[in-house]
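Here the structure comes first, spelled out in structure tokens, and everything after it is commentary.
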Amino acid sequence: MSASSAFNDEKGGSSSVGEPEYGHDPASGGIFSSDYKRHDDLKEMLDSNKDSLKLEAMKRIVAMIARGKNASDLFPAVVKNVACKNIEVKKLVYVYLVRYAEEQQDLALLSISTFQRGLKDPNQLIRASALRVLSSIRVTIIVPIMMLAIKEAASDMSPYVRKTAAHAIPKLYSLDPEQKDQLIEVIEKLLADKTTLVAGSVVMAFEEVCPERIDLIHKNYRKLCNLLIDVEEWGQVVIINMLTRYARTQFLNPNINESLLEEGGGGDKTFYGSDGNDDDDEDDEDKEKKAEAAALAKRKPYVMDPDHRLLLRNTKPLLQSRNAAVVMAVAQLYFHLAPKAEVGVIAKALVRLLRSHSEVQYVVLQNVATMTIKRRGMFEPYLKSFYIRSTDPTQIKILKLEVLTNLANETNISTILREFQTYIKSMDKDFVAATIQAIGRCATNIGEVRDTCLNGLVQLLSNRDELVVAESVVVIKKLLQMQPEKHSDIIKHMAKLTDNIQVPMARASILWLIGEYCEHVPKIAPDVLRKMAKSFTNEEDIVKLQILNLAAKLYLTNSKQTKLLTQYVLNLAKYDQNYDIRDRARFIRQLIVPTEKSGALSKYAKKLFLALKPAPVLESPFKDRDHFQLGSLSHLLNAKAGGYQELPDWPEAAPDPSVRNVEVKESVPEWTKCSSREKRKEKKVEKPFYSDSEGESGPTESADSESYSSGGSDSGSGSAESGSGSESEESEEASESEEEEEDKTKKKEFKKPVRESESEQSSEGEDRKRTRKSKQQKSDSESESDEDEDSDSDSSQSESEDSESEAEVKKKKAVQSKAPSKPGTKDSKKEKKEMSLLDLDDFEPAPSPQVTPVNSFLSSSLVTDLEGLSLSDNVLSPTAISPSGAQKSYELLHRITGEGLSVEYCFSRQPFGPDANMVAVQMQFANSAAVDAKNLHIEDVKLQSGMRVKEFQEIELLPAGETVTAVMGIDFCDSTQAANFQLCTHSRKFFVSIQPPVGELMKPVFMTENEFKKEQGQLMGMNEITEKLTLDAKCRNEHAIVQRVTGAANLSRVPCGSDKECRFAGRTVSGGSLVLVTVITKEDGAAQLTLNCDKMVIGTMLVKDVLMALTQ
2 MSASSAFNDE KGGSSSVGEP EYGHDPASGG IFSSDYKRHD DLKEMLDSNK DSLKLEAMKR
62 IVAMIARGKN ASDLFPAVVK NVACKNIEVK KLVYVYLVRY AEEQQDLALL SISTFQRGLK
122 DPNQLIRASA LRVLSSIRVT IIVPIMMLAI KEAASDMSPY VRKTAAHAIP KLYSLDPEQK
182 DQLIEVIEKL LADKTTLVAG SVVMAFEEVC PERIDLIHKN YRKLCNLLID VEEWGQVVII
242 NMLTRYARTQ FLNPNINESL LEEGGGGDKT FYGSDGNDDD DEDDEDKEKK AEAAALAKRK
302 PYVMDPDHRL LLRNTKPLLQ SRNAAVVMAV AQLYFHLAPK AEVGVIAKAL VRLLRSHSEV
362 QYVVLQNVAT MTIKRRGMFE PYLKSFYIRS TDPTQIKILK LEVLTNLANE TNISTILREF
422 QTYIKSMDKD FVAATIQAIG RCATNIGEVR DTCLNGLVQL LSNRDELVVA ESVVVIKKLL
482 QMQPEKHSDI IKHMAKLTDN IQVPMARASI LWLIGEYCEH VPKIAPDVLR KMAKSFTNEE
542 DIVKLQILNL AAKLYLTNSK QTKLLTQYVL NLAKYDQNYD IRDRARFIRQ LIVPTEKSGA
602 LSKYAKKLFL ALKPAPVLES PFKDRDHFQL GSLSHLLNAK AGGYQELPDW PEAAPDPSVR
662 NVEVKESVPE WTKCSSREKR KEKKVEKPFY SDSEGESGPT ESADSESYSS GGSDSGSGSA
722 ESGSGSESEE SEEASESEEE EEDKTKKKEF KKPVRESESE QSSEGEDRKR TRKSKQQKSD
782 SESESDEDED SDSDSSQSES EDSESEAEVK KKKAVQSKAP SKPGTKDSKK EKKEMSLLDL
842 DDFEPAPSPQ VTPVNSFLSS SLVTDLEGLS LSDNVLSPTA ISPSGAQKSY ELLHRITGEG
902 LSVEYCFSRQ PFGPDANMVA VQMQFANSAA VDAKNLHIED VKLQSGMRVK EFQEIELLPA
962 GETVTAVMGI DFCDSTQAAN FQLCTHSRKF FVSIQPPVGE LMKPVFMTEN EFKKEQGQLM
1022 GMNEITEKLT LDAKCRNEHA IVQRVTGAAN LSRVPCGSDK ECRFAGRTVS GGSLVLVTVI
1082 TKEDGAAQLT LNCDKMVIGT MLVKDVLMAL TQ
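The sequence shown: position 1077 = 1078 (the numbering used here), numbered continuously.
Take a look at the structure:
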């Protein structure tokens, strides 16, 4: 009997002899019969003696598994072939067994002896597969066999087998946790493995089995950092996450000084502007805190651990990985570990990920939303990348809205609000509601645009879409709570909407507003209660509760008109179906209508109902999420997921760094060996390796910018010792091969200082000038043969190089001065000069005007000629720009605070040569102390995002009783945010800040009357501000008006045909936004001031300044 007929007989069907063997009609059971027979051919092929048939069968079976079909009934037939001689068949059998060994444990146990033989197979793939199958059989009896197999595989010659051993460790640990101690020994052994194939897998095993044993990582830390770039992608993710937690336990917080200053100075509070209601006492407290923080920063200057720097440097290139998970892992590492000034490099990489699939976008935007709360500045340049596309899914749109709201500040709020206006027209109702909430949050955070936002939301109240109106009402309610007395008109307008709006939350919000501020609308409130009493029985519960509240408040404030209404509403509520409403009615009745039974509380009814309520704080839902490690599932869910490990807090004192030193054969630590290699060529400083501009994110950049770490000049000299085995072998070989050529040029340079050293009375500062001169001549002569990467380096890179090379000079001079040799003054001076020449000899700055230490008004050849004529220190300083008029001076440093050194600055209103987007700030240094001031320079610049500073060249010497002028450039990024920095002398550091008046952020623009009118026509509506004023008695003529307006702002006069009209034009220095001012004079000193500018915040501030100038 055929299998088909047997099957049919079992089912109770009869089969005649004449029927075909298989039925094709679906109703006849043919489908079942074919299923019943479907694997018979495979079983026959597996039982045959031909390897080719077995191989074909196994390929088909593995293909079935790959498609998700169940092949478990073939297990007996497959497991028989586990001892097959053919390697290809054996590999596929092992693939099958790994999948089904756990389900068919009894049959798999019968083949254990075969697996054990497979562990000795000469083929590494068979050995690995045998171990994989063995570890997949989850039976506690074979734990000792598995342990033995893992220990043997951990010592295998093949890295692939060792990798498989690492994968087997977590499986064995989950089967029998008592084996932990033995498994830790294996993990320790595998952690010492130097192959990239094993690294990721063993770290994964470490994280699963013993994440608390960080002592196992100490010796392997540097090796893991250096191998990281070559490990497979998922291994990189695991290693980076582990090293993030390791670094948080072993290194100091690089931002500790900045966080102290922020706490003392109240950094963000001043930014958001709390309407200027701070008391004097609070100011004093802030000053004291700031002074304490400054003192602490001075006592304990932060110097980054070389191993901390090694981790940051070696993970940075991975920001260009094609794998989104790797980029996200590096981003979270930088966010949690990097100095504030260096975190910005991750922004570009994360923005790149926003071009991926929506799932990747969702995860990235969740993390970006968290980052933008604390580090808003780094994403501001990429604002447009977060604009919403119509094709984005709703959850992506809402996350992008969250990011845009977090990024909103005074500078970009006008752009963001224009963007929000278009979003409100979207068909996606959830998205529109989220946009209205975002507008509300912007209005709360930025006081300058609160009225604008409120007016915009009031206009939305006339929208046809009820959901838009309802959401607007809810947001307006929250905004009105901040300044209710100013907006009684809006409350009246909203009261009229009660007839039309049907959304319960919106109706409830309107009723709450009217009840809370019933004193501002005494005539309208009773009428609203009358209407509500009519429809009370048909309202939703949330609305009924607010009607009760409104009735109670009106009864307490206006009982004559509302007594009967209130009693009527309370009687209706007394018999309501909802027990909440019945309870509320009883409670209110006892409280506001006192009887003999009512208690003492009724006396305080008015205080209870009409107490001042604090305005709601509209906060981001991502505000406190950063206590979860970014990129983790816990962060995504905002709840602790199973297996999540907390991110440790920074240690207060740095643990011993020597635990990471690894001894080699000669018992010399690796890092010592490396630094000695550097000492061999300490005359040559690898500039591209140690200095970095964080503005770019090229793959060859190093993140080792010592100018960012607040170590001052010491960190520059210390940077040569911070290699710690991190330099790549290629860079060492390249630098050694260049030494011969360098030596030749150095020998030629030896002749120069001999002639110079004949002047015995020349000071040390003059020596440095000559050194710079020879350095400059050399760089000019060799600039043609510079490599491309040198010419691409920007100004900040060359500045940091300069500071490092100077620090090298100081270090070597100090070492030399300690030497106990006294051959004679001439020889020692000559030797000293030779040393400094050697140090700076191969310093080749990029041939760009930014690097030249002289202002662009002087050519380098002219400077060289002048240098020979003069010995004063002012020769190489930037030429003092003569102010166009009598400019107002501001005090930067008082002589008492500066211990005799006083500094004043003014905005010279001249173009800043090296960078046209910077405002030129002229500084005058006066030394009234009895001793000379040396090495005047700037350090530790702290700026808001987008701002830049071009420092003045270091002033080597300021003799007692003399003054000197220097010019620096600051790109304020079209905002009045202060540029904070430390002004340093050779012995002291002073915290100072420069804050520009809004008028100094302009540069004059020359245009004709027709051009002015054309541009003005394009800047109407929200971009135009008009104010009426009465001119000061001394400011009634045209000349006086021009003088006062140009004094308040750096604008140029535009020709005008009318005597009654004065026009001025300018552009913002940084963004190039047009600023147009028109003053129209009328009779009796009356005038009208009109300002057109597409930046609302700048326009508002400038109008105030010009008004003050014209009226006082």
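Ideal Cβ positions, reconstructed from N, Cα and C, are used throughout, including at glycine.
Residue(s) in a DSSP beta bridge with THR392: DSSP output for THR392 lists no bridge partner at all.
Contacts around LYS478, its chain only, beta-carbon distance under 8 angstroms, and the 5 residues preceding and following it disregarded: Cβ within range, chain order: SER510, ILE511, TRP513, LEU514.
Selected residue, minimal CA-CA separation from ASP627, among LYS401, TYR424, ASN368, LEU229: Cα-wise, what sits closest to ASP627 is ASN368.
Three CB pairs or more closer than 8 angstroms across the segment 329-339 and the segment 245-260: They touch, by the three-pair rule.
Whole-number beta carbon distance between PRO1005 and SER1074, since they are thought to touch under 8 angstroms: About 14 angstroms separates the Cβ atoms of SER1074 and PRO1005, ruling out a contact at the 8 angstroms cut-off.
Cβ contact (3+ pairs, closer than 8 angstroms) linking the segment 982-990 and the segment 1047-1061: With a cut-off of 8 angstroms, the segment 1047-1061 and the segment 982-990 do not count as touching, because too few Cβ pairs lie within range.
Span separating the alpha-carbon of LEU573 from that of TYR580: So the two alpha carbons sit approximately 13 angstroms from each other.
contact_flag[the segment 908-923, the segment 968-986] where n(CB pairs < 8 angstroms) is 3 or more: Counting Cβ pairs under 8 angstroms, three or more are found: they touch.
Where GLY1021 falls, given that 16 or more other Cβ within 10 Å makes a residue buried: One detail in the question is off: residue 1021 reads as Met in this sequence, not Gly. By the 10 Å Cβ count, MET1021 comes out exposed.
Rounded C-alpha distance that separates ASP429 from THR1009: Here the alpha carbons of THR1009 and ASP429 stand approximately 47 angstroms from one another.
Check whether LYS181 and VAL210 have beta carbons under 8 angstroms apart: When the beta-carbon positions are compared, LYS181 and VAL210 come within less than 8 angstroms of each other.
Bounding residues of the beta strand (DSSP E) (the contiguous stretch that carries GLY1048): From DSSP, GLY1048 is part of no beta strand (DSSP E) but of the alpha helix (DSSP H) over 1039-1049.
First and last residue of the uninterrupted alpha helix (DSSP H) at SER946: Unbroken run through SER946: none, as it is neither H nor E.
Buried/exposed call for LYS1096, threshold 16 Cβ in 10 Å: With 16 or more other Cβ atoms within 10 Å, it is buried.
Three-state secondary structure assigned by DSSP to GLN983: In the structure shown, GLN983 sits in a strand (DSSP, three-state: E or B).
Nearest-angstrom Cα separation, counted from LEU75 out to ARG118: Roughly 23 angstroms between the two C-alpha positions.
Selected residue, minimal CA-CA separation from HIS521, among GLU208, PRO171, GLN482, LEU549: Closest by alpha carbon: GLN482.
Burial state of VAL570 (16 or more Cβ within 10 Å): The residue is buried, with at least 16 neighbouring Cβ atoms inside 10 Å.
For MET205, three-class secondary structure by DSSP: Per DSSP, reduced to three states, the secondary structure at MET205 is helical.
Three-state class that DSSP yields for PHE623 in the structure shown: Three-state result, PHE623: coil.
Contained alpha helix (DSSP H) runs [length at least 4] in the segment 887-969, N- to C-terminal order: Fully enclosed alpha helix (DSSP H) runs of 4 or longer: not present.
Given MET329 as reference, the closest of GLU234, ALA1066, LEU455 once Cα atoms are compared: Nearest Cα to MET329 within the set GLU234, ALA1066, LEU455: GLU234.
Own chain partners of LEU468 with C-beta closer than 8 angstroms, once the 5 adjacent residues on each side are dropped: Excluding positions up to five away in sequence, the list reads LYS430, VAL433, ALA434, VAL504.
Distance, VAL232 Cα to ASN446 Cα: So the alpha carbons of these two residues sit roughly 45 angstroms apart.
According to DSSP, residues forming a beta bridge with ALA1088: Under DSSP, ALA1088 takes part in a beta bridge, and its partners are LEU1030, THR1082.
DSSP-derived helix/strand/coil call for LEU462: The answer is coil: DSSP assigns LEU462 none of H, G, I, E or B.
Cβ pair count under 8 angstroms reaching 3, the segment 405-424 against the segment 435-455: Under the 8 angstroms Cβ criterion, the segment 405-424 counts as touching the segment 435-455, having at least three qualifying pairs.
Alpha-carbon to alpha-carbon, LYS401 and THR245: Rounded to the nearest angstrom, the two C-alpha atoms are 27 angstroms apart.
Buried or exposed (CB count within 10 angstroms, at least 16 for buried), ARG323: It is exposed - the Cβ of ARG323 has fewer than 16 other Cβ atoms within 10 Å.
Three-state class that DSSP yields for THR412 in the structure shown: It is coil, neither helix nor strand.
Separation of GLY1048 from LYS935, as counted between CA atoms: The alpha-carbon atoms of LYS935 and GLY1048 are separated by roughly 36 angstroms.
Among ALA1088, ILE142, TYR174, VAL1070, nearest to LEU1032 - alpha-carbon criterion: When only C-alpha atoms are compared, the closest one is ALA1088.
DSSP state of ARG1068 mapped onto helix, strand, coil: Assigned with DSSP and collapsed to three states, ARG1068 falls in strand.
Inter-residue spacing [alpha-carbon to alpha-carbon] between SER473 and LEU613: Roughly 23 angstroms separates the two Cα atoms.
Pair within 8 angstroms by beta-carbon distance, GLN105 and SER130: With contacts defined by Cβ atoms closer than 8 angstroms, GLN105 and SER130 do not form a contacting pair.
Own chain residues within Cβ distance below 7 angstroms of LEU894, not counting five before or after: Cβ neighbours of LEU894 beyond the five flanking positions: LEU902, SER903, VAL904, LEU984, PHE991, VAL993.
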